[in-house]
Amino acid sequence: MKLSYRWLCEWIEWPQARPWPAAEVGARLTMAGLELESLEQGGDADGGEAILQFGITPNRGDAMSVRGIARELAVLAGQPLRGPDIEPQPARIEDRFPVTLGAPEGCPRFVGRVIRGVNQHASSPQWLRERLQSCGVR
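All the letters of the sequence shown, read from the start, carry residue numbers 4 to 141 under the working numbering.
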């Protein structure tokens, strides 16, 4: 899995500037069980455009996202994890989708929302396209 060092660091509440350069982040995460396979250094002095590529094993589904790897890094750094700032949106339609839990003890809470009118041909925002392209996703 490839991800931007800068994007990864945005998920952590650092008390000051990022304490570790990208290579150190990769080394620490490797020692924690997320093997750094490669590091592509960018043009920034602080490694902000560096791309880290991790080999994630199938038993680490929790680490198959930017948030999952950021959670590991936050623990190693002793800093709180923060998520993106997303404003809650009230439901605008009353549609419901029936869900039956076959094993409620395995899923004590299920939350969902019906969304209609999504334009599947709309462009993603520029910032999102740039982040995904930096990680090799088009």
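A virtual CB, placed ideally from N, CA and C, is assigned to each residue, including glycine.
Asked	Found
8 Å contact criterion, which G58 and E38 should meet: CB distance rounded	5 Å
Bridge-paired residues (DSSP) for L56	Reading off the sequence, residue 56 comes out as Gln, not Leu. Note: Q56 sits in a beta bridge opposite K5 and S41.
Nonlocal neighbours in the same chain, by C-beta distance under 7 Å from V69, ignoring five residues either side	L6, W10, L11 and W14
The stretch 67 to 84 touching the stretch 28 to 37, judged by at least three CB pairs closer than 8 Å	yes
Whole-angstrom distance between Y8 and C138, CA atom to CA atom	10 Å
Close-in-space but distant-in-sequence residues of the same chain around G71 (CB under 6 Å, 5 per side omitted)	D65
For Q92, the first and last residue of its enclosing alpha helix (DSSP H)	Neither: Q92 is in no alpha helix (DSSP H) and is coded neither H nor E.
Whole-angstrom C-beta distance between V117 and D98, which should lie under 8 Å	4 Å
Beta-carbon gap between A73 and L55 smaller than 8 Å	no
Helix, strand or coil at I15 according to DSSP, with G and I counted as helix	strand
Residue range of the unbroken alpha helix (DSSP H) whose run includes A33	The sequence given here has Thr at residue 33, not Ala. Per DSSP, T33 belongs to the alpha helix (DSSP H) from A25 to M34.
Own chain residues within Cβ distance below 6 Å of S127, not counting five before or after	none
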